[in-house]
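Undergrad: Residue numbers (the working numbering), protein chains in the order written: chain A, 188 to 535; chain B, 3 to 297; chain C, 12 to 397. C-beta atoms are modelled at their ideal positions from N, C-alpha and C, and glycine is treated no differently.
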């Protein structure tokens, strides 16, 4: 099946799932009072003053189906409601806070995959020997750590004990002012990238300094998951016929592992990388909260604490949409990586 | 089915899984004997609310009255972590129990009957799985109102799809097996075939996954409590205790690690609990993985 | 005929959870130069393990306990004790002087690489100097003929460097520069000419094993080929460096009968043209009869009988051999089976392993293991009947 046709088909199949998602989310909102729900429709500050009018206008006392239709209409027009915790429309909030989270993801994801693959391969190649047990302990430990606790401990040591060596937040106050004023141009709102584009080494260093702890926190927990998968995948691969053939050809053990076994073992890991993304989405909420790193995770938490329903729902919706998209990308990637699979075949 | 003796022997031989086993046994003992280890003071009405020794804000370090010290607001940490073991088990067992039930029922129906039932159930799980777990849980808790009970409801809602999918997959694989055909050939009804033949074989890997998810559930519940979405303030819950420490991770200048106990101790309890289950789980997976040949 | 491989007192044991298994028990065997030796036996007879032992690829938890395997190759400079070689040296023999074809061609090929890639791999590993030489000549050609002024001037230093590079590979296989380049992922591409040359050899080899449209097949992936083609490709891979010994472990077992016939024809051709020795492992006596010069019969890790193919069929001596021949189904005749069950690997019968199932067993058979005795020209049996 041709690539373009496949993507179109998948995007079309997205629609019923997304509709279901929206229905589900909307169903949850029905647990609230009309006034609270009205916040889902508010577009700007002025409307806040006149809630009965909003309720009237969007028929929040009318039957469920009508309300759902209205709300869906709103969503399609780009109105996800008003976020009271940050005093701006939800859609604006998403765009404002997204770059910070993207920055975390850019650094964390390659680290997670790299470390996971390396540890997993090592453990498999030395199965049941000390190196295997050692890397497994590290990985399982990483996986058992409560993300929030790790973050706190790291802060305690690297920020408290080492007085401010690796601080929380995205940037120090002075840097923040510098970055948001001329002549510093904000291309992407991602601090590290902008720093590079502006050729500003000081900002880059500062941004990196603030990134270390949150990235480490995110990575440690996720990496273990990949590592275990890689290990079992490698073990399966090493038991296969083509590995014996490779050895019988006279290839060195290192080449056998790297070229033949690992390449096959990576295939299931790639399919799982979609879940790594989901795991990041989870971890990001806690991590950003602890480190005061103002990304969408932080915003989501603020919203949840304050019962800011539009924000929580907007966040959930955004996440769901992104997640499904990422799975699509992974599926396409899968066909590139495994020559046996053609587009349209199910991902195992 | 693997020989039980083989399983137990492998578990004990492997130092990692042995450690996990020991940890879990220790926690079970703590949970059962909590009232003896950390007795509730006289007149204190609700044992799950941690007794307070005053109202001072700053946490106090360990001393003879409070073995592990106190948190902000003078809640006894020792009492909190001991009774927290109980709440951890409660949450885990309840969530996993209900999740298993719902997942089993729906998964079996979907797997066995296929067709439109399968499609519908699968679409529903798709919808649930489209959300990262924590975010969905957060949304549900925010909607219902924070409490430990909402956390349990939210986690159940989040967890069941994976089980339904797993069971469904196993049953799909088994459906083609000969002994199922044979049963049907002998005239057994669908329900009978599912209950007596398909399920017992499909249930095995699921049970294993369930027992290992106990650690994951506790972790998720702790995270939600830490974020303030779970147990109320002062409740004996590990996540809740840790959230108290948030403002005190950096002590006064000159004594940055002054309140280390407030953060470290509840966190260590969570860590070791989850570690125990994960170690055991890893070992289980190695033993039951059909692809890894038995030596 | 001179011996190519001499196996003496070979013992391979498997240390499993349930106990120790004697996969091969004090085996004596020779493979002569230019001959096709068949090894026949049931599962667990130790025939596959013998092959793996020669290549020192016995998998964990197996271990080659004792014995010697001597390889008297043409260019190896004398007799090599294979079990005492360093791993490096052993690797230069695998795929090069001694190579192996496995039972399931589908499993033997790596699904993520093309057929051509996998065969070229052997050339790139063992024939590097030759490839370097060829590449160097080609660059030389380009330099002398030039490209009619089209960029010839600017590219010249690059081409000279390429020529030097390939000459280095041709003459000093362990030179620093090419080895360094090979290690660095991006720079490895600079050695692409080696790949090209290997590709040419690969296509030739594929033609040799009668694969139609060889160039196209080389670019395909294993799952795109049929079973017979895959097996041919695997054979091509094994024959690439003209080995002195080709070990074929049940090469026809997983194929259809018609393909099987073609495969045996291929083996006969290989035997005639290449002059290599072949160790042909099978459980099918009929197949053995088609291609082998001599046949060895194994049971429970021991050698029962070894004879020329005619002698074995005309004068089978060992009761086990007799039973195997009798068990071949003949239409119209009642099916004969061998009574009893295969020897338990963990607790084998004492003395002669076959005695519980042997119609001519004597009390002596239970006590001591019978040794090989000569009963005819090139015909040895391990049985107390002789």
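Examine the Cβ distances between the stretch 236-253 of chain C and the stretch 121-139 of chain C and report whether three or more of them are shorter than 8 Å.
TA: They touch, by the three-pair rule.
Undergrad: Starting from residue 265(B), find everything on chain A with Cβ-Cβ shorter than 7 Å and list it in chain order.
TA: Locating residue 265(B) in the second chain gives position 263, where the first residue counts as 1. By Cβ distance, chain A contributes 339, 340, 343.
Undergrad: Going along chain A, which residues have a C-beta under 8 Å from residue 166(B)?
TA: Against the second chain, residue 166(B) aligns to sequence position 164. The contacting residues do not exist; residue 166(B) stays about 15 Å from chain A at best.
Undergrad: Quick check for students: name the residue ranges of the alpha helix (DSSP H) that lie wholly in the stretch 397-444 of chain A, counting only runs of 4 or more.
TA: Taking only runs of at least 4 residues, the alpha helix (DSSP H) segments lying wholly in the stretch 397-444 of chain A are 428-435.
Undergrad: Would you mind telling me which residues of chain C sit closer than 9 Å to residue 518(A), beta carbon to beta carbon, in chain order?
TA: Counting from one through the first chain, the residue named residue 518(A) turns up at place 331. Result: empty, since nearest Cβ-Cβ is about 18 Å, beyond 9 Å.
Undergrad: Contact criterion: CB-CB distance below 9 Å. Does residue 162(C) meet it with respect to chain A?
TA: Within the third chain, the letter at position 151 stands for residue 162(C). Model confidence at residue 162(C) stands at a pLDDT of 49, short of 50, so the residue's coordinates are unreliable and nothing is read from them.
Undergrad: Name the chain C residues whose beta carbon is nearer than 7 Å to that of residue 432(A)?
TA: By one-based count along the first chain, residue 432(A) stands at place 245. 113, 119, listed in chain order.
Undergrad: Ordered along the chain, which non-local residues of its own chain (more than five positions away) have a Cβ less than 7 Å from that of residue 276(B)?
TA: Taking the first residue of the second chain as 1, we reach residue 276(B) at position 274. So the qualifying residues of the chain are 217, 220, 221.
Undergrad: Quick one: what does DSSP say residue 534(A) is sitting in, helix, strand or coil?
TA: Translated into positions along the first chain, residue 534(A) becomes position 347. Per-residue confidence for residue 534(A) stands at a pLDDT of 41, beneath the threshold of 50, marking its modelled position as unreliable; no derived number is given.
Undergrad: The alpha helix (DSSP H) that contains residue 101(C), what's its start and end?
TA: In the third chain, the residue the question calls residue 101(C) occupies position 90. Where residue 101(C) is concerned, the enclosing alpha helix (DSSP H) stretches over 98-104.
Undergrad: Tell me which same chain residues have a C-beta within less than 7 Å of the C-beta of residue 170(B), skipping the five on either side of it?
TA: On the second chain, position 168 is the one that residue 170(B) refers to. Answer for residue 170(B): 109, 112, 113, listed in chain order.
Undergrad: Locate the beta strand (DSSP E) running through residue 397(C), then write down its first and last residues.
TA: Looking up residue 397(C) in the third chain gives position 386. Segment: none, residue 397(C) is in no beta strand (DSSP E) and carries neither H nor E.
Undergrad: Since residue 243(C) is in the alpha helix (DSSP H), which residue starts that stretch and which ends it?
TA: Start at 1 with the first residue of the third chain, and residue 243(C) comes out as number 232. Here the alpha helix (DSSP H) through residue 243(C) covers 238-250.
Undergrad: Suppose you measure from the CA of residue 443(A) to the CA of residue 282(A); what does that come to, to the nearest Å?
TA: Position 256 of the first chain holds residue 443(A). Position 95 of the first chain holds residue 282(A). Roughly 47 Å between the two C-alpha positions.
Undergrad: For chain E, find out if any of its Cβ atoms is closer than 9 Å to the Cβ of residue 316(A); answer yes or no.
TA: The chain inventory of the structure shown lacks chain E, comprising the protein chains A, B and C.
Undergrad: Compare the Cα-Cα distances from residue 270(C) to each of 222(C), 147(C), 250(C), 68(C) and report the closest residue.
TA: Along the third chain, read from residue 1 onward, the residue named residue 270(C) stands at position 259. The shortest Cα separation from residue 270(C) among 222(C), 147(C), 250(C), 68(C) belongs to 222(C).
Undergrad: For residue 214(C), I'd like the list of residues in its chain whose CB is within less than 6 Å of its CB, leaving aside the five on either flank, ordered along the chain.
TA: Translated into the one-based positions of the third chain, residue 214(C) becomes position 203. So the list reads 225, 226, 229, once near-sequence residues are dropped.
Undergrad: Any C-beta of chain C within less than 8 Å: which residues of the stretch 434-448 of chain A qualify?
TA: Listed by position, the residues of the stretch 434-448 of chain A near chain C (Cβ gap below 8 Å) are 434, 435, 436, 437, 438, 439, 447.
Undergrad: Just to check my reading of the structure: residue 270(A) and residue 497(A) have Cβ atoms closer than 8 Å, yes? What is that Cβ distance to the nearest angstrom?
TA: The residue given as residue 270(A) occupies position 83 in the first chain. The residue given as residue 497(A) occupies position 310 in the first chain. At roughly 6 Å, the Cβ-Cβ gap stays under 8 Å, so residue 270(A) and residue 497(A) are in contact.
Undergrad: For residue 369(C), which of helix, strand or coil comes out of DSSP?
TA: Taking the first residue of the third chain as 1, we reach residue 369(C) at position 358. Residue 369(C): coil per DSSP, three-state reduction.
Undergrad: Across which residues does DSSP place residue 26(C) in a beta bridge pair?
TA: Sequence index remark: in the third chain, residue 26(C) carries index 15 (1-based). BP columns for residue 26(C) point to 31(C).
Undergrad: Hey, does residue 110(C) have any beta-carbon neighbour from chain A nearer than 9 Å?
TA: Here the question's residue 110(C) lines up with position 99 in the third chain. Chain A, which has a Cβ nearer than 9 Å to the Cβ of residue 110(C), makes this yes.
Undergrad: Based on the DSSP output, what are the partners of residue 73(C) in its beta bridges?
TA: As a working note, residue 73(C) is residue 62 in the third chain. Residue 73(C) is bridged to 25(C).
Undergrad: Compile a chain-ordered list of the residues in the stretch 347-372 of chain A whose CB is closer than 9 Å to at least one CB of chain B.
TA: Residues 347, 348, 349, 350.
Undergrad: Determine the DSSP secondary structure at residue 282(C), reduced to helix, strand or coil.
TA: What you label residue 282(C) is simply residue 271 of the third chain in a count that begins at 1. Three-state result, residue 282(C): helix.
Undergrad: Can you confirm whether residue 118(B), when its beta carbon is compared against all beta carbons of chain A, has any partner nearer than 9 Å?
TA: Counted from its first residue, the second chain places residue 118(B) at position 116. Output row for residue 118(B): interface = no.
Undergrad: With H, G and I counted as helix, E and B as strand and the rest as coil, what does DSSP make of residue 161(C)?
TA: Translated into positions along the third chain, residue 161(C) becomes position 150. Note that residue 161(C) has pLDDT 49, beneath the 50 cutoff, so the model's placement of it is unreliable and no number is given.
Undergrad: Among 438(A), 451(A), 436(A), 410(A), whose alpha-carbon lies nearest the alpha-carbon of residue 427(A)?
TA: Residue numbering aside, residue 427(A) sits at position 240 when the first chain is read from its first letter. Comparing Cα-Cα distances from residue 427(A) to each of 438(A), 451(A), 436(A), 410(A), the minimum goes to 451(A).
Undergrad: Under the three-state reduction of DSSP, which class applies to residue 497(A): helix, strand or coil?
TA: Working through the first chain from its first residue, we reach residue 497(A) at position 310. Residue 497(A): helix per DSSP, three-state reduction.
Undergrad: Examine chain A for any beta-carbon lying closer than 9 Å to the beta-carbon of residue 102(C), and answer yes or no.
TA: Taking the first residue of the third chain as position 1, residue 102(C) is located at position 91. So, interface residue.
Undergrad: Would you identify the three-state DSSP class for residue 502(A), choosing helix, strand or coil?
TA: Mapped onto the first chain, residue 502(A) falls at position 315. In this structure, residue 502(A) counts as helix in the three-state DSSP scheme.
Undergrad: Taking a contact to mean a Cβ-Cβ separation below 9 Å, would you say residue 79(C) touches residue 68(C) in this structure?
TA: Here residue 79(C) refers to the residue found at position 68 of the third chain. Here residue 68(C) refers to the residue found at position 57 of the third chain. Cβ atoms of residue 79(C) and residue 68(C): not closer than 9 Å.
Undergrad: List the residues that DSSP assigns as beta-bridge partners of residue 259(C).
TA: If you number the third chain from 1, residue 259(C) lands on position 248. In DSSP, residue 259(C) forms a bridge with 112(C), 291(C).
Undergrad: Between which two residues does the beta strand (DSSP E) harbouring residue 212(A) extend?
TA: Along the first chain, one-based indexing puts residue 212(A) at 25. Segment 190-216 is the alpha helix (DSSP H) holding residue 212(A); no beta strand (DSSP E) there.
Undergrad: Using the three-state DSSP reduction, which class does residue 57(B) fall into: helix, strand or coil?
TA: Taking the first residue of the second chain as 1, we reach residue 57(B) at position 55. Coil, per DSSP.
Undergrad: Report, in whole angstroms, the separation of the C-beta atoms of residue 27(C) and residue 70(C), which I expect to be a contact under 8 Å.
TA: Numbered from its first residue, the third chain carries residue 27(C) at position 16. Numbered from its first residue, the third chain carries residue 70(C) at position 59. Residue 27(C) to residue 70(C), Cβ: 12 Å. No contact.
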